[in-house]
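Take a look at the structure set out below.
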Amino acid sequence: MGYHFGVDYYPEHWPRERWQTDARMMREMGITIVRMAEFSWAKWEPREGEFHFEELDEVIELLAGEGIDCILGTPSAAPPAWIIEETPEIQPMDSHLQRHYFGGRHHDCQSNARYREHIRRFVTAYARHFAANPHVVGWQVDNELGNSHEDLCYCPSCEAAFRQWLQKKYGSIDCLNQCWGTAFWSQTYTDFEQIHAPRITAAGKNPSQQLDWMRFCSDLVLDFHQMQADILRRETPDKFITHNMMGFSRKVDYFKLGDQLDFTSQDQYPGGHFVPQGTFRGDVQAAELDFIRSLKHQPFWVMEQQSAITGWETVGRTPKPGQLGLWAMQSIAHGADTIVFFRWRSCVMGTEQYWHGILPHNGKPGRYYRELKAFMQETGPLLKIMQGSVPHPEVAMLFSYDQYDALSIQPHHPLLRYPEHLLTYYKGFYRKNIPVEFVREEDDWSSYRVLVAPLQFLMTEKLSEKFHAYVQQGGVLILDMRSGVKDATNLAFAEKELPAMLDDLCGVRVAEYDCLQETQGSVRWGDDVYPCEKWCDILEVADAEILATYDSEFYAGTPAVCRRQAGKGTVYYVGTEMSPALADRFVQQLAEQSSLHRLPRTPEGVEATVREKDGIQYLFLLNHTDTEQHLCVPDTWEQLGAASAEQCPPYGYCVYRMQADDQPV
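So this is what it looks like as structure tokens:
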């Protein structure tokens, strides 16, 4: 499509006489696309059926005059006051049955039939109006689906939809009772109409019901998105559809949402006021970008890239000189073909007055404008030549929303979090400059030499067979703690050894386990002792090599990390959550045994990643530190851009190119 840089723009917040100035300044920066209108329903339809797109037409024409095209958002995340007045029941209810009211955003029940009628009417008129406009090139459906809806919605409409979903899945109430284990605490149902959403209770909830509720909520969001996407594809088949996602957000299955899109998009805020301050975050940022790319295994867009200070009631740190460009280049390095900065100008009204933009409140260019303008001018030529390129990692990490949901319901250790646990492995590969891809259960794993499959809490025969086949055919599989514990309905296995349906593959049995609440364990590997966290599977070995043992508690000396050869492949079982030092030791062992290719070594705090297309690799070295770093890059890599080939400035980056055949990666 040829768009390299864009910006999120809200012309309705500013006087008409300012629009031409904004358009000119955008063009001078190097911006060629803007996203608009995702929160402007009240502006375009002030009363039912009365549409006023004239101002939007005018803005689009002004932007087009400066060579800038548009993406329009459907505004279903913010229904206007007149819709709320007419249909107040569309305001969502939480698990306490408390209504969440108009005055913010996401104040909508996505199952409500009357609200969907409003959306169909608006989106149909919207799409038809802009169908023939060549400068409207694509759509974003809604905004950050799942955001603000974690405990929403439990209203009667959603409960009725949940019952229909359950009836379709189980067929009979007897089947549901068996799969949910409702014999416990006298929870047996005699009719689907007796079932409610898992609201607040006096004590405890049924974990099988909770898991199905989470699956239903994801399916509801997917249906809500598909409803709008279908209208847009019917009315404007030549325009793309995307959606702005939020990394490892849990509410909706992004793999399935990605199936509905032409390409995925990410909202990337490395310096967000909501992220922990004072700790290195480059690895987490990289993981989220890799995850979004992996949803379709193709390049993606960043629809909201941080351009200044973030904040609502409180604000984050001021980005240091160079950081905005570094963060944007990191997105590019992990597969983004287009960077859209949020936002053009800091808003003077509403909740996001201090979610700053490229321009400050007064609209006069400052440091952020100058830095990003220079970044666009320097980086545009690089983006042009590497459009469409993606990494081809040898290591894949299995990501499952079912596992994520089930462990959210019963994490066992109060600090055990599914994404954070996966990141213990990802960060180990990151520190060794070994690229990683994320995959789902349905994907073909055969092209990956190593498959990391943490926390396989729910296990099925189909998944077990796929793991067995992967190893038998030569793959290296990593399994770990809390694997093979429950079936797909979230019931514990009654007559199987843990890890159920995997014990023969791993050659180990979980005899006991220990939750490390308010304490830390330790693992001995050779002459070295490393901390471990949160959980210890106490293992008995049937047919496996012991690589490391526990070094604390009554089970000191028992296996902690084991390895077994099976067919042409290898399987590892890790009985605990690894500390960074232990993860480094494990990844080093894995890399040596599997002969994994590494990118050039870098100083601490300098990230290395690669994109590839047509036999050419593009190496990115990103300096996340506040000091200049010396780089040792092989002579076969050709330096691109104006930066020094060997010295990387604070918060700087260097880009190189080579033929893939010259040095395998």
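Sequential numbering of the sequence shown, starting at 638, is according to the numbering used here. Even for Gly, the Cβ is constructed at its ideal location relative to N, Cα and C.
Specify the secondary structure class of His-641 as computed by DSSP and reduced to three states.
Counting from 1 along the sequence shown, the entry for residue 641 is found at position 4. Of the three classes helix, strand and coil, the one that applies to His-641 here is coil, per DSSP.
Counting pairs of beta carbons, one from the stretch 1175 to 1188 and one from the stretch 1079 to 1097, are three or more of them closer than 8 Å?
no
Please report the distance separating the alpha-carbon of Ala-820 from that of Asp-828.
Working through the sequence shown from its first residue, we reach residue 820 at position 183. Working through the sequence shown from its first residue, we reach residue 828 at position 191. Whole-angstrom Cα-Cα distance: 15 Å.
I'd like the span of the alpha helix (DSSP H) that includes Asp-849, first residue to last.
Position 212 of the sequence shown holds residue 849. Per DSSP, Asp-849 belongs to the alpha helix (DSSP H) from 844 to 872.
Among the residues of its own chain, which have a CB less than 8 Å from the CB of Ala-1297, if the five just before and after it don't count?
Start at 1 with the first residue of the sequence shown, and residue 1297 comes out as number 660. The residues are Glu-1249, Gly-1252, Ile-1253, Gln-1254.
Minimum Cβ-Cβ distance from Thr-873 to chain C less than 8 Å:
Within the model displayed, chain C is absent; a lone protein chain is all it includes.
Residue burial classification, His-1267 (beta-carbon count within 10 angstroms, cutoff 16):
As a working mapping, residue 1267 is identified with position 630 in the sequence shown. Flag for His-1267 reads exposed.
Which two residues bound the contiguous alpha helix (DSSP H) that contains Val-1108?
As a working note, residue 1108 is residue 471 in the sequence shown. Here the alpha helix (DSSP H) through Val-1108 covers 1098 to 1109.
Find the nearest neighbour of Arg-661 within the set Trp-981, Phe-759, Glu-1170, judged by alpha-carbon distance.
Here the question's residue 661 lines up with position 24 in the sequence shown. Ranking the options by Cα distance to Arg-661, first place goes to Trp-981.
Sufficient close CB pairs (3 or more, under 8 Å) joining the stretch 708 to 716 to the stretch 752 to 763:
yes
Going by CA-CA distance only, name the one from Met-673, Glu-703, Ile-705 that's closest to Thr-690.
For the purposes of this step, residue 690 is taken as residue 53 along the sequence shown, with counting starting at 1. First, the residue type needs correcting, since residue 690 is Phe and not Thr in the sequence shown. Taking only the C-alpha atoms, the option nearest Phe-690 is Met-673.
Please list, in chain order, all residues of the same chain as Ile-727 whose beta carbon is under 6 Å from its beta carbon, the five residues on each side excluded.
For the purposes of this step, residue 727 is identified with residue 90 of the sequence shown, where counting begins at 1. The answer, listed in chain order, is Asp-745, Cys-746, Asn-749, Tyr-752.
Out of curiosity, what's the CA-to-CA distance linking Asp-920 and Leu-1060?
Counted from its first residue, the sequence shown places residue 920 at position 283. Counted from its first residue, the sequence shown places residue 1060 at position 423. Roughly 9 Å between the two C-alpha positions.
With DSSP as the reference, label Ala-1197 as helix, strand or coil.
Position 560 of the sequence shown, counting from 1, holds the residue named residue 1197. The answer is strand: DSSP assigns Ala-1197 an E or B state.
Please state whether the Cβ-Cβ distance between Tyr-1290 and Met-966 is less than 8 Å.
On the sequence shown, residue 1290 is found 653 positions in, with the first residue counted as 1. On the sequence shown, residue 966 is found 329 positions in, with the first residue counted as 1. Their beta carbons are under 8 Å apart, which means Tyr-1290 touches Met-966 by this criterion.
For Glu-1102 versus Glu-1170, is the C-beta distance shorter than 8 Å?
Translated into the one-based positions of the sequence shown, residue 1102 becomes position 465. Translated into the one-based positions of the sequence shown, residue 1170 becomes position 533. For Glu-1102 and Glu-1170, no; Cβs fall outside 8 Å.
Please report the residue range of the beta strand (DSSP E) in which Glu-1149 lies.
Taking the first residue of the sequence shown as position 1, residue 1149 is located at position 512. Glu-1149 -> beta strand (DSSP E) spans 1145 to 1152.
Pro-1072 to Leu-1035 span [Cα, whole Å]:
Here residue 1072 is taken as the residue at index 435 of the sequence shown, counted from 1. Here residue 1035 is taken as the residue at index 398 of the sequence shown, counted from 1. Each residue's alpha carbon lies about 14 Å from the other.
Endpoints, the beta strand (DSSP E) within which Ala-973 is located:
The residue labelled residue 973 in the question sits at position 336 within the sequence shown. Its beta strand (DSSP E) spans residues 973 to 979.
Alpha carbon of Ala-1131 to alpha carbon of Gly-783, nearest angstrom:
Mapped onto the sequence shown, residue 1131 falls at position 494. Mapped onto the sequence shown, residue 783 falls at position 146. Spanning the two alpha carbons is a distance of roughly 35 Å.
Taking the alpha carbon of His-641 as the point to measure from, which residue in Cys-1173, Leu-709, Cys-854, Ile-969 has its own alpha carbon closest?
As a position in the sequence shown, residue 641 is number 4, starting the count at 1. Answer by Cα proximity: Ile-969.
Rounded to whole angstroms, what is the Cα-Cα separation between Asp-1039 and Tyr-1293?
To locate residue 1039, count along the sequence shown from 1; it is residue 402. To locate residue 1293, count along the sequence shown from 1; it is residue 656. The alpha-carbon atoms of Asp-1039 and Tyr-1293 are separated by roughly 40 Å.
In chain order, each beta strand (DSSP E) run of at least 3 residues that lies wholly inside the stretch 1248 to 1289
1253 to 1260, 1275 to 1277
Look up Asp-1056 in the DSSP assignment and say whether it is helix, strand or coil.
Within the sequence shown, residue 1056 is the residue found at index 419, counting from 1. Asp is not the amino acid found at residue 1056; the sequence shown has Pro there. Here Pro-1056 sits in helix by DSSP.
Rounded to whole angstroms, how far is the Cβ of Asp-1263 from the Cβ of Pro-1240, which I believe are closer than 8 Å?
Within the sequence shown, residue 1263 is the residue found at index 626, counting from 1. Within the sequence shown, residue 1240 is the residue found at index 603, counting from 1. Wrong, their Cβ atoms sit about 13 Å apart, outside the cutoff.
Tell me whether Ser-944 sits in a helix, a strand or coil according to DSSP, three-state version.
Numbered from 1 along the sequence shown, position 307 holds the residue referred to as residue 944. Correct three-state label for Ser-944: coil.
Do Ala-1043 and Lys-1123 come within 8 Å of each other at the CB atom, strictly closer than that value?
As a working mapping, residue 1123 is identified with position 486 in the sequence shown. As a working mapping, residue 1043 is identified with position 406 in the sequence shown. The answer is yes: Cβ separation under 8 Å.
Where Val-1089 and Glu-1031 are concerned, what is the direct C-alpha to C-alpha distance, given to the nearest angstrom?
Translated into the one-based positions of the sequence shown, residue 1089 becomes position 452. Translated into the one-based positions of the sequence shown, residue 1031 becomes position 394. One C-alpha to the other measures close to 11 Å.
Determine the direct distance from the alpha carbon of Pro-1091 to that of Gly-1212, and round the result to whole angstroms.
If you number the sequence shown from 1, residue 1212 lands on position 575. If you number the sequence shown from 1, residue 1091 lands on position 454. Rounded to the nearest angstrom, the two C-alpha atoms are 10 Å apart.
Given His-880 as reference, the closest of Met-663, Leu-894, Arg-871 once Cα atoms are compared
For this step, residue 880 is matched to residue 243 along the sequence shown. That would be Leu-894, whose Cα lies nearest to the Cα of His-880.
Kindly give me the distance between the Cβ atoms of Val-1224 and Gly-1065, rounded to whole angstroms, as I take these residues to be in contact under 8 Å.
Indexing the sequence shown from 1 puts residue 1224 at position 587. Indexing the sequence shown from 1 puts residue 1065 at position 428. So it is a contact: roughly 4 Å between Cβ atoms.
Cβ neighbours of Tyr-1085 in the same chain (closer than 8 Å, five flanking residues each side left out):
Position 448 of the sequence shown, counted from the start, is the residue given in the question as residue 1085. These residues qualify, in order along the chain: Pro-1030, Glu-1031, Val-1032, Ala-1033, Glu-1074, Val-1076, Gly-1112.
The stretch 932 to 947 touching the stretch 898 to 910, judged by at least three CB pairs closer than 8 Å
yes
Residue burial classification, Val-1145 (beta-carbon count within 10 angstroms, cutoff 16)
In the sequence shown, the residue the question calls residue 1145 occupies position 508. With 16 or more Cβ atoms within 10 Å of its Cβ, Val-1145 is classed as buried.
Looking at the secondary structure, which residues open and close the alpha helix (DSSP H) in which Lys-893 lies?
Position 256 of the sequence shown holds residue 893. Here the alpha helix (DSSP H) through Lys-893 covers 891 to 896.
Does the separation of the CB atoms of Arg-1119 and Phe-1094 fall below 8 Å?
As a working note, residue 1119 is residue 482 in the sequence shown. As a working note, residue 1094 is residue 457 in the sequence shown. A contact, by the Cβ cut-off of 8 Å.
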